[in-house]
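> One structure follows; several queries about it will come next.
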């Protein structure tokens, strides 16, 4: 009754399930220019919005005159805070428990802040009208330095009640936001005081920006007849946007449909809620027409969420033999004008308390002071889980500084202090429970592959040659070992605006044995349509090519918290696997009925259920799906569908070992990356080709941040790096070759053992590139120098060390 | 990044171009590749009510090498400079320089005429043309005239060209001897932190002639006569190179920007020049 049975391996290969380097199904449309991004949304009668932005970083607004702009042919409306106030939309809540001006309410607090929103029939007219809005500013003293802000009499946030607590406890100064602490400070200080060796260092992790290729934007369409609002936008969390939009506007949630179409990169930049989204909604409600807002590159760099901007001071203690005994970390965190950091509610400094890294450190303390300044708000996780790049950079620099203090090899110092395989699950001093790891194996493999000892010998020879005047190039060996903390997160301690950070998957198997699955996440280039189909293929026996994956439409997809912080695979991937298992469980009952045996007498075999001990008797998933819809089966509902909402029991902890070999031209400050080796352990590997692509992308963004990418301000709060001329976005030209490698240590608590990988290379890459630069100068007395290591700063390091003669 | 409204003109001959320039005066600008002008318009740093596109104007294209003289039509793109074998044989320094200008996409559009006529101190071609002692042909209401590249730039974006004139061609003698164009930049597409164009002639072991020009180290390109003289008559030994570097350092006047402070730029200028001289000398 069945066709000739193909070989089991052939059947398995045909599924293109987990472990297969399946080609990305999305790329067919992306490589042919057939993607559908928010700016591709064009609706009849659509109007266009554009912002009047503040040229000043801190100024009082004395008046706004919109007459000339309104008089321009084609201008429909010019909205100011005064217009939004009656709707109570001139301010909006931030994800961090603060509030933020939608349009300037009496004053501006950063350059580029939104002051008025012009709505016109044509994008060009809107831009012309922006020039005609007259704003009378009175300049105020500008604070761009967080340390100065904490001393200054200048009050940035006059809207906040003096002396009142903030969202995260007491504020000790009018420009102070919070102090967030973890660990045991008293014991840590005691250990440090009595330690044999202590190394101390202050490092600035500069402000940068995720800078996705596609900037942020939205199209709002309010249908006044049926009362429904449709909102297309660049949202990494469309369901959260719907809930927030409902709470802000008073429109019931079922009357709001949020759609994230194709998204051209997010990297955290598209997690936040921006004034442009709100203004496009209000403008559509006011005009009854669809309103589009798309920011340009300069607006994106200047006003939508930045990343990093942490001043970190560390003290680390060890025995003379190099065993670490304690770690103290204090951070002064520059949050800009409003606290709009995108972190889980209970974590105003994200997961900065993962800063003990991959090391067995018995006692530690972390304190983070958040500070207001006259810079753009934000503080997103740029290709990392919440503040994890900062944490890993901190500990990986502290290890290097400690190695200098101990006069020890930094690779060996790491090895001595790694958490051992048998210590997992490992409870870290600052509270997290690491799920699994095998750091020594990964480290040894990395060092062996790059022939670490030979590299050190070559470096020593180079130093001697340099001293003899035979070369002007120094060699740096950058090391980093990182542990990420991703997959936020358990609802018991992770929420955003009160919404637990679960995620979801809903599957429908069609009668002919193909399927559609929808998830609460949204791909921004990660390839979800490819990889989630692979998980389902392995779980249900339906070929990945026969499974459609959809995300991003809140009318059709199940509720989920979105894609950022490497949470899609750890959370939605788990939901997908579990939903697939529900399908399989029902399929088993149907198969048993069709085969006239008891449920327990059939077992799953790649793409079918077979009678135990009689493999010639089976039903394929295709046959089972057909029967599910077309055959009356006693006690079983028709249809084959499943839903799973997954609340993860713990985070997942991917890790990796990176090595960078760099040659540095001491005279010009130009670094040249000779070799970069990246070993990643992300647990179970779903699609090795996509993993490799993620590693390449994350490393390239790490190279950018380490070697030049920054948002810099002058003393007056003017953005100095507002275009791609000065903001470093590497192209293929600047990108070195990467060697990738892996070990596999599955997560014990994840249904398929996967941990997430998209952000690991960024987290591990930044300290690796930075350590390579700094290592090149170690022999000449360098202890630490701040990123970004662009040409002139590297040159200055050499100059300060007297290497220019 | 949305320009103000403008009229777009696309004349087919130079007479019409000049007529439009005369009619609209300061309100009109000609556009070659557009890769400097259009961004300025989109940033609204340049408001150009009348934009005159030169791409249909006859006679502005083409590279000729004849009797040791090279002539480049103003509308020759950087890409065409790179591709032209006759030019690579006659004046390989042009190819070497064009390869470090912007990126391939920009080089398909960006022109040599636009590069020199815009008067941007960051552009590579003006300095190179000074090194080559090129002549620029300008056509205006009163006919045609030539201006030496070394006299062309007055200040940033200010040149000898009158508002009603169009730069139509560049010509120079195919250089003899060794050459090098050396440029340090932060990334592809960037302007130079420092760049040096060097042409040296060698007879026996002695330098018989030297021409040196620097880019993006002042508000105009810097052709340093003194630097050339410092090398001429020497064996281009360390002392001579050092004297040439010192001469250049006396002539340049860099300003601090995101590429770095003045001290860094001066130091790098010396290093880049030293390397350019060494490479040119090896090739001479």
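Chains as they are written, first to last, in this note's numbering: chain D, 1 to 805; chain A, 806 to 1089. Positions of the beta carbon are idealized from the N, C-alpha and C atoms, including for glycine.
Is there at least one Cβ from chain D nearer than 8 angstroms to residue 1003 of chain A's Cβ?
Output row for residue 1003 of chain A: interface = no.
> With 8 angstroms as the threshold, decide whether the Cβ of residue 728 of chain D is near any Cβ in chain A.
Closer than 8 angstroms: yes.
> Does DSSP classify residue 1 of chain D as helix, strand or coil?
Bear in mind that the predicted position of residue 1 of chain D carries a pLDDT of just 42, short of 50, making it unreliable; the figure below should be weighed with that in mind. Coil, per DSSP.
> I'd like the ranges of any alpha helix (DSSP H) spanning at least 4 consecutive residues and lying wholly in the region 571-625 of chain D.
Listed in chain order, they are 574-595.
> Excluding the five sequence neighbours on either side, which residues of its own chain have a C-beta within less than 7 angstroms of the C-beta of residue 831 of chain A, listed in chain order?
Hits under 7 angstroms: 968.
> Is residue 671 of chain D helix, strand or coil by DSSP?
Residue 671 of chain D: strand per DSSP, three-state reduction.
> Within 10 angstroms of the Cβ of residue 840 of chain A, are there 16 or more other Cβ atoms? Answer buried if so, exposed if not.
Per the 10 Å Cβ criterion, buried.
> Rounding to the nearest angstrom, what Cα-Cα distance links residue 894 of chain A and residue 697 of chain D in this structure?
Roughly 41 angstroms separates the two Cα atoms.
> Report buried or exposed for residue 1 of chain D, applying the criterion of at least 16 other Cβ atoms within 10 angstroms of its Cβ.
Annotation note: pLDDT 42 at residue 1 of chain D (below 50); position unreliable, coordinate value reported separately. Residue 1 of chain D comes out exposed.
> Given this structure, state the Cα-to-Cα distance separating residue 226 of chain D from residue 342 of chain D, to the nearest angstrom.
One C-alpha to the other measures close to 34 angstroms.
> Kindly indicate the opening and closing residues of the alpha helix (DSSP H) around residue 1071 of chain A.
1067-1088 is the extent of the alpha helix (DSSP H) around residue 1071 of chain A.
> What do you get for residue 699 of chain D, buried or exposed, if any count of 16 or more other CB atoms within 10 angstroms of its CB means buried?
Under this definition residue 699 of chain D is a buried residue.
> DSSP on residue 845 of chain A, reduced to helix/strand/coil?
Residue state, collapsed to three classes: helix.
> Under the assumption that residue 116 of chain D contacts residue 133 of chain D (Cβ atoms under 8 angstroms), give the Cβ distance between them as a whole number of angstroms.
Right, the Cβ-Cβ distance comes to about 5 angstroms (below 8 angstroms), so this counts as a contact.
> Quick check: is the beta carbon of residue 795 of chain D nearer than 8 angstroms to any beta carbon in chain A?
So yes, residue 795 of chain D belongs to the interface.
> Pull the bridge partners of residue 960 of chain A from the DSSP assignment, please.
Beta-bridge pairing links residue 960 of chain A to A:963.
> Name the residues in the region 1045-1073 of chain A whose C-beta lies less than 9 angstroms from a C-beta of chain D; which are they?
Answer in chain order: 1062, 1063, 1064, 1065, 1066, 1068, 1069, 1070, 1072 and 1073.
> Where does residue 813 of chain A sit, in a helix, a strand or coil, going by DSSP?
If DSSP states are grouped into helix, strand and coil, residue 813 of chain A belongs with the strands.
> Kindly indicate the opening and closing residues of the beta strand (DSSP E) around residue 330 of chain D.
From DSSP, the beta strand (DSSP E) with residue 330 of chain D extends over 324-336.
> Does residue 733 of chain D come within less than 8 angstroms of chain A when only Cβ atoms are used?
At least one chain A Cβ lies under 8 angstroms of residue 733 of chain D.
> Does any CB atom of chain A fall closer than 8 angstroms to the CB of residue 124 of chain D?
Closer than 8 angstroms to some Cβ of chain A, the Cβ of residue 124 of chain D qualifies, so yes.
> How far does the alpha helix (DSSP H) with residue 1044 of chain A in it reach, from first residue to last?
1043-1056 is the span of the alpha helix (DSSP H), which, as asked, contains residue 1044 of chain A.
> Roughly how many angstroms lie between the CA atoms of residue 445 of chain D and residue 408 of chain D, to the nearest whole one?
Those two C-alpha atoms are separated by around 21 angstroms.
> Count the CB pairs spanning the region 174-182 of chain D and the region 749-760 of chain D that are closer than 8 angstroms, and state whether there are at least three.
Touching, no.
> Can you tell me the Cα-Cα spacing of residue 765 of chain D and residue 943 of chain A, whole angstroms?
Looking at the two C-alpha atoms, the distance is approximately 53 angstroms.
> Whole angstroms are fine: how far does the CA of residue 981 of chain A sit from the CA of residue 1013 of chain A?
Rounded to whole angstroms, residue 1013 of chain A to residue 981 of chain A spans 11 angstroms at the Cα level.
> At least one CB of chain A closer than 8 angstroms to the CB of residue 721 of chain D: is that the case?
Cβ-Cβ to chain A under 8 angstroms: yes for residue 721 of chain D.
> Strictly by DSSP, which residues pair up with residue 500 of chain D?
Per DSSP, D:495.
> Less than 8 angstroms between CB atoms is the rule here; does residue 912 of chain A satisfy it with respect to chain B?
No chain B is part of this structure, whose protein chains are labelled D and A.
> Can you list, in chain order, the residues of its chain with a C-beta nearer than 7 angstroms to that of residue 847 of chain A? Leave out the 5 residues immediately preceding and following it.
The answer, listed in chain order, is 806, 807 and 808.
> Taking C-beta to C-beta, are residue 318 of chain D and residue 272 of chain D nearer than 8 angstroms?
Taking 8 angstroms as the Cβ cut-off, residue 318 of chain D and residue 272 of chain D do not qualify as a contacting pair.
> Please classify residue 856 of chain A as buried or exposed, where buried requires at least 16 neighbouring CB atoms within 10 angstroms.
Per the 10 Å Cβ criterion, buried.
> For residue 823 of chain A, would you say it is in contact with chain D, using Cβ-to-Cβ distances shorter than 8 angstroms as the test?
Not an interface residue.
> How many whole angstroms separate the CB atoms of residue 606 of chain D and residue 541 of chain D, which I take to be in contact at a CB cut-off of 8 angstroms?
Going by Cβ atoms, the distance from residue 606 of chain D to residue 541 of chain D rounds to 6 angstroms, so yes, they are a contact pair.
> Helix, strand or coil: how does DSSP classify residue 553 of chain D here?
In this structure, residue 553 of chain D counts as strand in the three-state DSSP scheme.
> Using a C-beta to C-beta distance shorter than 8 angstroms, which residues of chain A count as neighbours of residue 670 of chain D?
Per Cβ cutoff of 8 angstroms: 989.
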